[in-house]
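Asker: Quick note on numbering: the working numbering labels position 149 of the sequence shown as 239, and the sequence is numbered without any gaps. The C-beta atom is built at its ideal place from N, Cα and C for all residues, glycine as well. No experiment lies behind these values; they were computed from the predicted model shown.
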Amino acid sequence: MCHRSECCIFVVNPLSYTVHDEYTTIKKKSTAEIKVIGSRFLATAFPIASKHDAEQYLAAVRKEFWDATHNCFAYRMGVEGSQFRFNDDGEPGGSAGKPILASIDKLALTDVLVVVTRYFGGTKLGVGGLVRAYAQAADQALTNAEKLVKYMTQLLVATFPHNQISNVMHVISRHGAQIVDTVYDEEVHVTLEIRLSRVEELRAALVNHTSGNIAFKPSPTQHA
91 MCHRSECCIF VVNPLSYTVH DEYTTIKKKS TAEIKVIGSR FLATAFPIAS
141 KHDAEQYLAA VRKEFWDATH NCFAYRMGVE GSQFRFNDDG EPGGSAGKPI
191 LASIDKLALT DVLVVVTRYF GGTKLGVGGL VRAYAQAADQ ALTNAEKLVK
241 YMTQLLVATF PHNQISNVMH VISRHGAQIV DTVYDEEVHV TLEIRLSRVE
291 ELRAALVNHT SGNIAFKPSP TQHA
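What follows is the structure, given as structure tokens:
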């Protein structure tokens, strides 16, 4: 079953017309800690679905580690990862937020926030040392996290005569669609949910197996 949110975005490659409906995030909160010349770096990774989620988790980390020297972060969101932000929280420019974002991108993840908390150990690490430390901490938290592959789905309402029920159910089963709702009156109205990239394949199969005795009404795209 899909877990839906309000997002309704999908992207079609203009060259191949291939629907991109798959993306990877993390299943739940994950942590890691490293020490570099006395400084402690505590990384916390969260799955997020909105900017509001990111702000709430960031506020929670800042509250938990109120006495830390820095709470640097980065996040990326969206099926295509088009929404992102990073922040160095007082560290030298480019030494914390960007390396954290690079760790997210290295694993091709989205809908993810990573906060790396630093407790200064008394020895300056230099920009290069900071880049390596923040990246390593973020890498470990994301590597430790259980990954979750999600899909964009489409709701499709199919209307057909009662004598086509067997044919329609056969096609639904073969193509991996889920029945969300069924209404019976003079005809049968079935609301189906299917992965976005398979909508046209399902539609064609239903038309073929019912000899065209079927009509469709699209419903909003879902963010699984």
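Tell me which same chain residues have a C-beta within less than 6 Å of the C-beta of V273, skipping the five on either side of it?
Answerer: H279
Asker: In chain order, what residues of the same chain lie with their CB nearer than 7 Å to the CB of D111, ignoring the 5 residues before and after it?
Answerer: F100, Y241, M242, R285, L286, S287
Asker: Rounding to the nearest angstrom, what Cα-Cα distance links A191 and G302 in this structure?
Answerer: Position check: residue 191 holds Leu in this sequence, whereas Ala was assumed. Answer to the nearest angstrom: the Cα atoms are 50 Å apart.
Asker: Could you say which of D271, V239, E181 lies nearest to V169 if we only look at CA atoms?
Answerer: V239
Asker: List the residues that DSSP assigns as beta-bridge partners of S263.
Answerer: Answer by DSSP bridge pairing: none, since S263 is not bridged.
Asker: Once you ignore the five residues that flank R130 on each side, which residues in its own chain have a CB closer than 6 Å to its CB?
Answerer: Y209
Asker: Please state the DSSP three-state secondary structure of V239.
Answerer: strand
Asker: Going by DSSP, what residues sit across from A248 in a beta bridge?
Answerer: Residue pairing by DSSP places A248 opposite V280, F306 in a beta bridge.
Asker: Expressed to the nearest angstrom, what Euclidean distance is found between the alpha-carbon atoms of V217 and S185?
Answerer: Looking at the two C-alpha atoms, the distance is approximately 6 Å.
Asker: Would you give the residue range spanned by the beta strand (DSSP E) that E170 belongs to?
Answerer: Per DSSP, E170 belongs to no beta strand (DSSP E) and is neither H nor E.
Asker: Starting from the Cα of T200, find the closest Cα among P182, A227, K237 and give me that residue.
Answerer: K237
Asker: Provide the residue span of the beta strand (DSSP E) that contains T189, from first to last.
Answerer: Reading off the sequence, residue 189 comes out as Pro, not Thr. Run containing P189: none in the beta strand (DSSP E); it sits in the alpha helix (DSSP H), 187 to 196.
Asker: Out of E283, R264, I194, G219, which has the shortest C-alpha to C-alpha gap to T233?
Answerer: I194
Asker: Chain B beta carbons: is any one of them nearer than 8 Å to that of M167?
Answerer: Included in the structure is just one protein chain, with no chain B present.
Asker: At what residues does the alpha helix (DSSP H) containing A122 begin and finish?
Answerer: DSSP places A122 outside any alpha helix (DSSP H); the residue lies instead in the beta strand (DSSP E), whose first and last residues are 120 to 126.
Asker: Let's test the definition: count the other Cβ atoms within 10 Å of the Cβ of M259 and tell me whether it reaches 16, buried, or not, exposed.
Answerer: exposed
Asker: Identify the continuous alpha helix (DSSP H) that holds R288 and give its terminal residues.
Answerer: Counting along the chain, R288 falls outside any alpha helix (DSSP H), and DSSP gives it neither H nor E.
Asker: Any idea if V102 is buried or exposed, counting beta-carbon neighbours within 10 angstroms, 16 or more meaning buried?
Answerer: Model confidence at V102 stands at a pLDDT of 33, short of 50, so the residue's coordinates are unreliable and nothing is read from them.
Asker: DSSP puts D321 in a beta bridge; with which residues?
Answerer: The displayed coordinates of the chain run from 91 to 314. Any statement about residue 321 would go beyond what the structure contains.
Asker: In angstroms with no decimal places, state the Cα-to-Cα distance between A144 and G219.
Answerer: So the two alpha carbons sit approximately 27 Å from each other.
Asker: What are the residues that DSSP puts in a beta bridge with Y224?
Answerer: For Y224, which the question treats as bridged, DSSP gives no partner whatsoever.
Asker: Quick check on the burial criterion: 16 or more other C-beta atoms within 10 angstroms. Buried or exposed for E283?
Answerer: buried
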